[in-house]
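Novice: Top line first, the protein sequences correspond to chains A and B. Residue 434 in our numbering sits at position 434 of the first sequence; the count goes up by one each step and never skips. Take any residue in the second sequence, note its place counting from 1, add 1000, and you have its number in our numbering.
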Amino acid sequence: MSRIRTFDVSTLARVEGQGALRVRIDDGRVEIAEFNIYEPPRFFERLLRGRAVAEVPDIVARICGICPVAYQMTACQALEKALGIETTPAIRTLRRLLYCGEWIQSHALHVHLLHAPDFLGFESGFTMAATHPELIEGGLRLKAIGSRLLEVVGGRAVHPVNVCVGGFHRPPASAAIRELLPDLEWGLGRSLELVREVSRFEFPDGVHRSVCVALRSADEYPMNKGRVVSSAGLEIDVADFERHFEERQVAHSTALHCVRLPEGLPYEVGPVARLNLCHEQLPAAARRAAAASGLTLPIDNSFHSIVVRCVEMAAAFEEAVAIAKTCRADESCCRIDYEPRGGAGIHATEAPRGLLYHRYRIGADGLIAEATIIPPTSQNQAQIEDDLRSLLPSVLGLDDAAAALRCERLIRNYDPCISCATHFLKLAIDRVRPPAAD
Amino acid sequence: MRPAPDAPPKPRLAVFKFASCDGCQLQLLDAQGRLLEITDRVAIDHFPEAQSRSLAGPYDIGLVEGSISAPGDIERIREIRAACRFLVTIGACATSGGIQALRNWGTIDDFLSAVYATPQYIATLATSTPISDHVAVDFELRGCPIDTGQLLELITAVLVGRKPRVPTHSVCIECKARGTVCVAVARGIACLGPVTQAGCGALCPAYDRECFGCFGPAEQPNLVSLTGFYERHGADRRHLARLVRSFTAWDPTFRGESERLAEPPS
């Protein structure tokens, strides 16, 4: 009798983008545990070549409809370094406010509509709405407040139009930002409650003890700036990132993995990594909520990531409230003019899903000569597969459907953004079964 | 609200994705309260990004995001077409090929080797093309991303069996309605508003910047006249070529104009 078991999930649900899972177990030994991606490549790094510097923030936004601000913020700051542009405190504050909007709407989406159904036993947020109306309606309202913040500062929630190299096309009216305050304060209160509610979910065991990597700066929870630090003791400037991390093709996988040098080991980026490394920089209320939630640091169970996202949502609301109270953007200089010229620039920011790295070279003609982009999900991919390999022995007693569901749940802990990752990952499509009619 | 026991079955909605950023389908989830109204009135039977349950077709409404860019896509869109009574393409990728259609002017080997170390492992088509190049499409919703209001209008119209009220006039009309000072006339910025279809609410000019055409061409656009005007007023021809060749670059009207502008002037 064959002792080989295989199971596949051809379309991973409730993740952004198109991915699949493939597992093969031979006599109790995990032979293949692959988090596959069949999303077609879109070649952004190549199509940026020959485009003007001013066009880059609008183009890179289109890499991802869930985290366009992350791409815009990273690109703008990398290009500003290349051009020698020094931004003003007002611009930096406004950028942080905009980024808060993206963290809020992205985390609210994942927590309520994509992740919570796993813990409460539903197949979607829509079906959860019947029995958990407060949770879903509250989640949609949180997401809408994040989107509204993006609209007021960025002009539009998906692919904001107001962001430019050098700052903002037009400073948002201070009155419009202050009008958001009641909603932002409600959001802060609701997300602090959520930390408590979500921390009472039942969490499967999920010990993974990854090496965490995030940006860190002394004075703020990381979004737009910081040095790259790791739980293995690394601390480097972002400019040295590619000396310590490398995108590699590995024999067993269809996808390029970004790994730590020199050993080529996996690592984790994202909310859990950030909280483990930067909890001291959390604003006060979010920090108290994290402490009261029973989370023990460092977090070593990826299923707790849903609690961490709620903590980060509270932190983003708390910061947005503080900024909105004092922001006088329309009385300040919010755009630095520049002359196109050649140069090179590197920057990284913390996207909702983790560290996002951009490197650009601008030619003497002022057009992009070279672009390198390393998104969070390509960095997490090796870690996700590692986690799958550790999880599998414990689910072998389950039938295939139940075991596959446990694996899917594990993958969703990372909130993988396949749309982002795929456009840079190296795919071997011949190893991925083409999907049936989706 | 639970349907009465004898209520007719709800119309069935499905959401499909090809090469895209996911931003258009996520507009469905951004509709806040209106989202739950939709789920009250239609059965969302296939929407992998939002739910695990997937029921087989046929569907009453199929929303398709993304462009045709990989082997297998053509076969899959034909199957989807056959399964959907009313097929709607949503967004610049599905309706014109998207930003990834910039590859259509290069050689695919160049694009592959620029991004991928082992290009032979990548299966991709040489071009990124709109859905309507491959199957009949019942309605196109433009934009990068689409507008949530237009999406809800479309779903409502299909449910009650009328034509969706989606304007085909230019962004200029929306700019005037909004009271925005014309960036082209007052500030000399080359703006595609006069030739671009409305729908965004004339967003970019309200932020003191040019429209870059993400809703594609309006009815009866005259691009040659517009770019000629900008060129006579000092705009760089290469800048104009890039402006027309962006998020809806492969649309036939915009494509023809960017190719004309990219040629050396005779």
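Even for Gly, the Cβ is constructed at its ideal location relative to N, Cα and C.
1) Would you tell me roughly how many angstroms separate the C-alpha atoms of S305 of chain A and G206 of chain A, rounded to the nearest one?
2) Go ahead and pull the three-state DSSP assignment for C1214 of chain B.
3) Using a Cβ cut-off of 7 Å, which residues of the region 1047-1061 of chain B contact any Cβ in chain A, in chain order?
4) Tell me whether D1236 of chain B sits in a helix, a strand or coil according to DSSP, three-state version.
5) Check the DSSP bridge columns for C1084 of chain B and list the partner residues they point to.
6) In chain A, which residues lie less than 7 Å from G1269 of chain B when you measure between Cβ atoms?
7) Output the boundary residues of the beta strand (DSSP E) element that contains G343 of chain A.
8) Please list, in chain order, the chain B residues whose beta carbon lies closer than 9 Å to that of R22 of chain A.
9) Between the alpha carbons of S191 of chain A and G1234 of chain B, how many angstroms are there, rounded?
10) So with Cβ pairs under 8 Å, would you call A1019 of chain B a contact of chain A?
11) Please identify, using Cβ separations under 9 Å, the residues of the region 48-76 of chain A that lie next to chain B, in order along the chain.
12) By Cβ distance, which residues of its chain are closer than 7 Å to T1253 of chain B, with the 5 residues on each side in sequence left out?
13) Just the chain A side, please: which residues come within less than 7 Å of L1036 of chain B by C-beta, in chain order?
14) Quick check: is the beta carbon of M1001 of chain B nearer than 8 Å to any beta carbon in chain A?
15) When DSSP labels each residue in this structure, what does G138 of chain A get in the three-state scheme?
16) Who are the Cβ neighbours of E385 of chain A in its own chain at under 6 Å, not counting the five residues just before and after it?
17) For the 8 Å Cβ check, are there 3 or more pairs between the region 60-67 of chain A and the region 150-165 of chain A?
18) Tell me the start and end of each unbroken alpha helix (DSSP H) in the region 201-280 of chain A that is at least 4 residues and wholly inside, in chain order.
19) State the CB to CB distance for the pair A1101 of chain B and A1249 of chain B, rounded to an integer number of angstroms; the pair is presumed to be in contact (CB under 8 Å).
20) Should I4 of chain A be labelled buried (16 or more other beta-carbon atoms within 10 Å of its own) or exposed?
21) If you measure from the beta carbon of C1172 of chain B to each beta carbon in chain A, is any gap under 8 Å?
22) Which residues mark the beginning and the end of the beta strand (DSSP E) in which T372 of chain A is found?
23) Does the distance from the C-beta atom of L355 of chain A to that of L215 of chain A stay below 8 Å?
24) Name the chain B residues that come within less than 7 Å of R42 of chain A, Cβ to Cβ?
25) Looking only at DSSP bridge pairs, what is E1129 of chain B linked to?
26) Using a threshold of 8 Å, state whether the C-beta atoms of R409 of chain A and D118 of chain A are closer than that.
27) Looking only at its own chain, which residues have a Cβ that is under 6 Å from the Cβ of D415 of chain A, when we skip the five neighbours before and after it?
28) The alpha helix (DSSP H) with H107 of chain A in it runs from where to where?
29) Hey, could you find the ends of the alpha helix (DSSP H) R178 of chain A is sitting in?
30) Please list, in chain order, the residues of the region 324-350 of chain A that have any C-beta partner in chain B closer than 8 Å.
31) Would you kindly work out how many angstroms separate the C-alpha atoms of I411 of chain A and R1232 of chain B, rounded to a whole number?
32) Could you tell me which residues DSSP pairs with A1014 of chain B in its beta bridges?
33) If you check the beta carbons only, do A286 of chain A and A314 of chain A fall under 8 Å apart?
34) Flag R1242 of chain B as yes if its beta-carbon sits less than 8 Å from any beta-carbon of chain A, otherwise no.
35) Could you tell me whether the region 380-398 of chain A touches the region 265-274 of chain A, using the rule of 3 or more Cβ pairs below 8 Å?
36) In terms of residue numbering, what span does the beta strand (DSSP E) encompassing F1139 of chain B cover?
Specialist: Quick answer:
1) The sequence position of residue 305 of chain A within the first sequence is 305, counting from 1. The sequence position of residue 206 of chain A within the first sequence is 206, counting from 1. Cα to Cα, the separation comes out at about 11 Å.
2) Residue mapping note: residue 1214 of chain B aligns to position 214 of the second sequence, counting from 1. In this structure, C1214 of chain B counts as coil in the three-state DSSP scheme.
3) P1048, E1049, A1050, Q1051, S1052, R1053
4) The residue given as residue 1236 of chain B occupies position 236 in the second sequence. Looking at D1236 of chain B - three-state DSSP - the assignment turns out to be coil, as it is neither helix nor strand.
5) Against the second sequence, residue 1084 of chain B aligns to sequence position 84. According to DSSP, which records beta bridges pairwise, C1084 of chain B is partnered with B:Y1059.
6) Within the shown structure, residues of chain B are numbered from 1001 to 1266, placing residue 1269 of chain B beyond reach of any answer.
7) Counting from 1 along the first sequence, the entry for residue 343 of chain A is found at position 343. Where G343 of chain A is concerned, the enclosing beta strand (DSSP E) stretches over 343-351.
8) Position 22 of the first sequence, counting from 1, holds the residue named residue 22 of chain A. Those do not exist, as R22 of chain A stays about 16 Å from chain B at its closest Cβ, beyond 9 Å.
9) Position 191 of the first sequence holds residue 191 of chain A. Position 234 of the second sequence holds residue 1234 of chain B. Cα to Cα, the separation comes out at about 52 Å.
10) Counted from its first residue, the second sequence places residue 1019 of chain B at position 19. Yes, A1019 of chain B lies at the interface with chain A (some Cβ there is under 8 Å from its Cβ).
11) R49, G50, R51, A52, E55, D58, I59, A61, R62, I63, C64, G65, I66, P68
12) For the purposes of this step, residue 1253 of chain B is taken as the residue at position 253 of the second sequence. Excluding residues within five positions, the ones whose Cβ falls inside 7 Å are P1217, P1221, L1223.
13) As a first step, residue 1036 of chain B is located in the second sequence; it is residue number 36 there, counting from the start. Those are A129, listed as they occur along chain A.
14) For the purposes of this step, residue 1001 of chain B is taken as the residue at position 1 of the second sequence. Low per-residue confidence applies at M1001 of chain B: pLDDT is 47, beneath 50, and the placement is therefore not dependable enough to give any value.
15) On the first sequence, position 138 is the one that residue 138 of chain A refers to. Helix, per DSSP.
16) The count along the first sequence starts at 1 and reaches residue 385 of chain A at position 385. Same-chain partners within the cutoff: A33, F35.
17) yes
18) 241-244, 271-278
19) As a first step, residue 1101 of chain B is located in the second sequence; it is residue number 101 there, counting from the start. As a first step, residue 1249 of chain B is located in the second sequence; it is residue number 249 there, counting from the start. Indeed, because the Cβ distance is near 5 Å, the residues count as touching under 8 Å.
20) On the first sequence, residue 4 of chain A is found 4 positions in, with the first residue counted as 1. Result: exposed.
21) The residue labelled residue 1172 of chain B in the question sits at position 172 within the second sequence. Chain A, which has no Cβ nearer than 8 Å to the Cβ of C1172 of chain B, makes this no.
22) Within the first sequence, the letter at position 372 stands for residue 372 of chain A. Per DSSP, T372 of chain A belongs to the beta strand (DSSP E) from 368-374.
23) Counting from 1 along the first sequence, the entry for residue 355 of chain A is found at position 355. Counting from 1 along the first sequence, the entry for residue 215 of chain A is found at position 215. Their beta carbons are under 8 Å apart, which means L355 of chain A touches L215 of chain A by this criterion.
24) Mapped onto the first sequence, residue 42 of chain A falls at position 42. Here the neighbours are A1019, Q1100.
25) Along the second sequence, read from residue 1 onward, the residue named residue 1129 of chain B stands at position 129. Residue identity check: residue 1129 of chain B is Thr in the sequence provided, not Glu. For T1129 of chain B, which the question treats as bridged, DSSP gives the partners B:I1068.
26) If you number the first sequence from 1, residue 409 of chain A lands on position 409. If you number the first sequence from 1, residue 118 of chain A lands on position 118. Result yes, Cβ atoms of R409 of chain A and D118 of chain A sit closer than 8 Å.
27) Taking the first residue of the first sequence as 1, we reach residue 415 of chain A at position 415. H110, R353.
28) Taking the first sequence and counting its residues from 1, one reaches residue 107 of chain A at position 107. H107 of chain A -> alpha helix (DSSP H) spans 89-108.
29) Locating residue 178 of chain A in the first sequence gives position 178, counting from the first residue. Residues 174-178.
30) none
31) Against the first sequence, residue 411 of chain A aligns to sequence position 411. Against the second sequence, residue 1232 of chain B aligns to sequence position 232. C-alpha separation (whole angstroms): 56 Å.
32) For the purposes of this step, residue 1014 of chain B is taken as the residue at position 14 of the second sequence. According to DSSP, A1014 of chain B bridges with B:H1046, B:G1062.
33) Here residue 286 of chain A refers to the residue found at position 286 of the first sequence. Here residue 314 of chain A refers to the residue found at position 314 of the first sequence. Yes. Within cutoff.
34) As a first step, residue 1242 of chain B is located in the second sequence; it is residue number 242 there, counting from the start. At least one chain A Cβ lies under 8 Å of R1242 of chain B.
35) yes
36) Stepping through the second sequence from its first residue, residue 1139 of chain B is reached at position 139. Unbroken beta strand (DSSP E) run through F1139 of chain B: 1139-1141.
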